[in-house]
Amino acid sequence: MSKLEKSTIEKALTALSGWALADDGLSIKRVYKFGDFNAAFGFMTRVALMADKMDHHPEWFNVYNKVEMTLTTHDAGGVTQKDIDLATFCQTASGQ
Numbered sequence: 177m178s179k180l181e182k183s184t185i186e187k188a189l190t191a192l193s194g195w196a197l198a199d200d201g202l203s204i205k206r207v208y209k210f211g212d213f214n215a216a217f218g219f220m221t222r223v224a225l226m227a228d229k230m231d232h233h234p235e236w237f238n239v240y241n242k243v244e245m246t247l248t249t250h251d252a253g254g255v256t257q258k259d260i261d262l263a264t265f266c267q268t269a270s271g272q
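Note that this note's numbering has the sequence shown beginning at 177, numbered continuously upward.
This is the structure in structure tokens:
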């Protein structure tokens, strides 16, 4: 899968609330906040199951009700359609 152009990424992000292109342009990022740890972990579980099906795994960090996510495609050296697709799933799975 090939790396997306910056303009293509920016256009895709307009439909993804809270997601932003990282300063280096090589990944997209978002911070999710949930009501409690159980809600955050439930979200992470749903994403983990989908990521496994996609064979595309996020970089993430969780403390209590907060989940920080970074999506990039290392093999392509930047953001690909896989990252946009997983971010779209995350938006649905989070309910945000």
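For glycine and all other residues, C-beta sits at the position ideal for the given N, C-alpha and C. Small disclaimer: the values here were computed from a predicted structure and weren't measured.
In the DSSP assignment, find the unbroken beta strand (DSSP E) run with residue i in it and report its ends.
i      : result
Asn241 : Unbroken run through Asn241: none, as it is neither H nor E.
Once you ignore the five residues that flank residue i on each side, which residues in its own chain have a CB closer than 6 Å to its CB?
i      : result
Arg222 : Ala269
Phe237 : Glu244
Leu189 : Trp195
Can you list, in chain order, the residues of its chain with a C-beta nearer than 7 Å to that of residue i? Leave out the 5 residues immediately preceding and following it.
i      : result
Lys258 : Met177, Met230, His232 and Thr249
Just reading off the alpha helix (DSSP H) that residue i is part of, what are its end residues?
i      : result
Gly271 : Here Gly271 belongs to no alpha helix (DSSP H), and DSSP marks it neither H nor E.
Val223 : Phe213 to Met230
Between residue i and residue j, is the Cβ-Cβ spacing less than 8 Å?
i      : j      : result
Lys205 : Ala196 : yes
Val243 : Met226 : no
Asn241 : Gly211 : yes
Ser193 : Leu247 : no
Thr256 : Lys179 : yes
Looking only at its chain, what residues have a beta carbon closer than 8 Å to the beta carbon of residue i, apart from the 5 residues adjacent to it on each side?
i      : result
Lys182 : Leu197 and Gly201
Glu186 : Leu197
Phe217 : Asn238
Next on the checklist: My parser needs the alpha helix (DSSP H) runs of 4 or more residues fully inside the segment 178-210; what are they?
Outcome noted: 182-189
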